[in-house]
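Read through the structure below, which is laid out as structure tokens, and then see the notes.
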Amino acid sequence: MIYLDVTGSCKSAKSTGIQRATRSVFRELGRRETILPMSWNLFGKCYQRLGRRELQILQDPFRVLARSTARPDLRGENPIAELLRLLFRESIPLKTKMESGDVLFVPDMYRDARIGYLPQLIRETGARSVVIFHDAAALRLGLMRNRALARFEKYIDSLATFHLVICVSRDSQEHLHQLWREHGTKPTETCVEELPPGDLDPTDREEPSREDSASVPVILSVGTLEPRKNHLTLLRAAEILWKDGFSFELQLIGRSTGYYGHKVISPMKQLQRAGYRIRWLQHVNDRALHRAYRSCRFTVYPSRMEGFGLPIAESLRHGKPCVCGGNGALGELARPGGCLIVDQTSADALAGAMRTLLADNATYERLSADARARDFRSWTDYIDRLEERLKGSA
16 MIYLDVTGSC KSAKSTGIQR ATRSVFRELG RRETILPMSW NLFGKCYQRL GRRELQILQD
76 PFRVLARSTA RPDLRGENPI AELLRLLFRE SIPLKTKMES GDVLFVPDMY RDARIGYLPQ
136 LIRETGARSV VIFHDAAALR LGLMRNRALA RFEKYIDSLA TFHLVICVSR DSQEHLHQLW
196 REHGTKPTET CVEELPPGDL DPTDREEPSR EDSASVPVIL SVGTLEPRKN HLTLLRAAEI
256 LWKDGFSFEL QLIGRSTGYY GHKVISPMKQ LQRAGYRIRW LQHVNDRALH RAYRSCRFTV
316 YPSRMEGFGL PIAESLRHGK PCVCGGNGAL GELARPGGCL IVDQTSADAL AGAMRTLLAD
376 NATYERLSAD ARARDFRSWT DYIDRLEERL KGSA
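Read in order, the letters of the sequence shown correspond to residues 16 to 409 in the working numbering.
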């Protein structure tokens, strides 16, 4: 039995890269193995079975929340909903239930009471335990303070109690070991397994991915409105080009964060009032996301730091060049081709790259061809390797 922690992917329709990957793992791994998906309850400090609603969200989040919204997490990830789950969902006594041969698999981050519970569970049961480590970008960029910082550091240390930590890039693996050294924590076994981009929409298999020639070019940027995603620099870069006379539409896709989103939304609305073409599609389903990739000219991913950078891979998978940084995991993903690498912290540098892909057709066609030539791993290959990792046979 594989006990799969899907806490961050079953309570709301939130669909960042981590949630989308977790849902894909549940779907694909469940076709081969016996899986018990479970969710951590913040109030009860215990794992619980999923109810019908949580299972629907895990399988198809937009069955529960069909329309796009800025804050999908507000429906489901709130104290009242969590209390109701505590009252009406069956708890799972893992310490007595797990048997020899069972596997505990945690594919998402956690910074709650699990930082103490999971190491104890692993010690007491002896069951094989595997976790996916995505990144410590917020920590490395100095975006954490006080209690949040302390919890994250405890999370990093708790990872060392697992039998295996699967890192999503070489960069995330290197920084995890660096943090363990800094903390004086004895390391555990780690490996790198890059995540595959999402499957193409059926319409992408029927016809080549193309931009809409009947309208102005669309520049697409996909990512949550949070500090490290660097949207403010992108907006300044777009404004530079608009003032230079370029005609294009900037489309943003991604959910807002309550503490920061307004800092992006406010200048975005100012640009709209000034007459510039900019649309925020908010949090959308996979079909709308594929449609946006298919109809854009190219994408911009201005994030300052990532553990992987799924929007870059998805852009290239659709044959669309991507403007992005070349540091860390971003560079790992971008350097093999299809990307225009710049200093993403500079509005002038971003504007220069965007100008090139708008005006220089030779460069655009070359990068488009490079993007189409990229060979990304399939979910079948990923699950093949994941099964080996979970069983300890890799």
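Positions of the beta carbon are idealized from the N, C-alpha and C atoms, including for glycine.
Item, Value
"Is it right to say residue 217 is buried, meaning 16 or more other beta carbons lie within 10 angstroms of its own, or is it exposed?", "Any reading at residue 217 must be qualified, since the residue scores a pLDDT of 45, below 50, and its modelled position is unreliable; the value itself is stated next. It counts as exposed."
"Looking at the unbroken alpha helix (DSSP H) that takes in residue 136, where does it start and where does it end?", "129-140"
"Identify, in the order they occur along the chain, each residue of the same chain with its Cβ nearer than 7 Å to the Cβ of residue 322, setting aside the five sequence neighbours on each side.", "149, 150, 152, 183, 184, 187 and 344"
"To the nearest angstrom, report how far apart residue 395 and residue 253 are at their CA atoms.", "39 Å"
"Is it the case that the Cβ atoms of residue 387 and residue 334 are separated by a distance below 8 Å?", "yes"
"Hey, quick one: how far does the alpha helix (DSSP H) through residue 268 stretch, first residue to last?", "Unbroken run through residue 268 is the beta strand (DSSP E), 264-268; no alpha helix (DSSP H)."
"Please look up how many angstroms separate the CB atoms of residue 41 and residue 300, rounded, as I've assumed it's under 8 Å.", "With a Cβ gap of about 17 Å, residue 41 and residue 300 do not count as contacting."
"Between which two residues does the alpha helix (DSSP H) harbouring residue 327 extend?", "325-332"
"Among 367, 373, 196 and 379, which residue has its Cα nearest to the Cα of residue 353?", "379"
"Return helix, strand or coil for residue 190, following the three-state DSSP convention.", "helix"
"With 16 other CB atoms within 10 Å as the buried threshold, where does residue 95 fall?", "exposed"
"Would residue 336 pass as a contact of residue 382 if the rule is Cβ separation under 8 Å?", "yes"
"Does DSSP put residue 298 in a helix, in a strand, or in coil?", "strand"
"To the nearest angstrom, how far is the alpha carbon of residue 235 from that of residue 136?", "44 Å"
"Just to confirm my understanding: we take residue 147, look at its own chain, exclude 5 residues before and 5 after, and list those with CB closer than 6 Å. What are they?", "122 and 181"
"With residue 283 as the anchor, note down where its beta strand (DSSP E) starts and where it stops.", "Unbroken run through residue 283 is the alpha helix (DSSP H), 276-288; no beta strand (DSSP E)."
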